[in-house]
Amino acid sequence: MNPQHYREFFGQLPTGVTAIVARSARGPVGLIVGTFSSVSLDPPLVSFMVTNASRSWIAVKAEGRFTANILASDQRRLSQTLAGWSPDKFRSVVFEQNEAHVIRGCLAWADCVFEREVEAGDHTIVLASPRELTVARAARPLIFFQRAYHRTLPVEDFRAPGWG
């Protein structure tokens, strides 16, 4: 399988952008994921995927608890900063609640407890239990699609010929 073609194919699938943040002795640690998702209602489980080489995930996992911050369309620069490798990437991040590491302006956040990992090729699937779910504000989500950030637009009428 050609890796470039593989990326191009899956680039056609839009994803939300979520900042995974934990509190460590050195301050906040975390990463950006495009794979945060609901897995199970009973028991409640969420998941996301990380590359096996992620040092940020190792730091988050060591804490055992994290906050998943679903980012809004006006948080593109924040996402780009947190996706980087700089140890100071959280320097300018403003948190609503320091204990939970809720990023100011996020759409919604989930306080989660790490459960387990599942090895999956060059990535790891992370499973966690959400302890608290909060919708913080009404706004449009930040979307990653075709290797770029996008905003959603409302669709006035989904009914098209043949859609019943």
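Letter by letter, the sequence shown follows residues 8 to 171 of this note's numbering.
We put the beta carbon where it would ideally sit given N, CA and C, even for glycine.
Candidates the options, of which the one nearest residue i by Cα
| i | options | result |
| --- | --- | --- |
| R54 | A60, S45, A69, R98 | The displayed chain sequence assigns Ser, not Arg, to residue 54. That would be S45, whose Cα lies nearest to the Cα of S54. |
| V133 | A155, G71, A146 | G71 |
| S136 | A69, T42, S47 | S47 |
Opposing strand residues paired with residue i [DSSP bridges]
| i | result |
| --- | --- |
| F152 | A155 |
| A143 | None; A143 has no bridge partner. |
| D118 | T74, E139 |
| T22 | F151 |
Cβ-Cβ distance between residue i and residue j below 8 Å
| i | j | result |
| --- | --- | --- |
| I143 | A115 | The question names Ile, yet the displayed sequence has Ala at residue 143. Against a cut-off of 8 Å, the Cβ pair of A115 and A143 comes out as a contact. |
| V67 | V109 | no |
| T25 | A90 | no |
| R147 | S80 | yes |
| H130 | V28 | no |
Three-state secondary structure assigned by DSSP to residue i
| i | result |
| --- | --- |
| V67 | helix |
| P137 | strand |
| R14 | helix |
Quiz item: Touching or not, the stretch 142-152 and the stretch 76-86, by the rule of three or more beta carbon pairs under 8 Å?
Solution: yes
Quiz item: Taking contact to mean at least 3 C-beta pairs separated by less than 8 Å, is the stretch 52-66 in contact with the stretch 117-135?
Solution: yes
Quiz item: Looking at C-beta atoms only, is the number of pairs between the stretch 90-103 and the stretch 9-17 that lie closer than 8 Å three or more?
Solution: no
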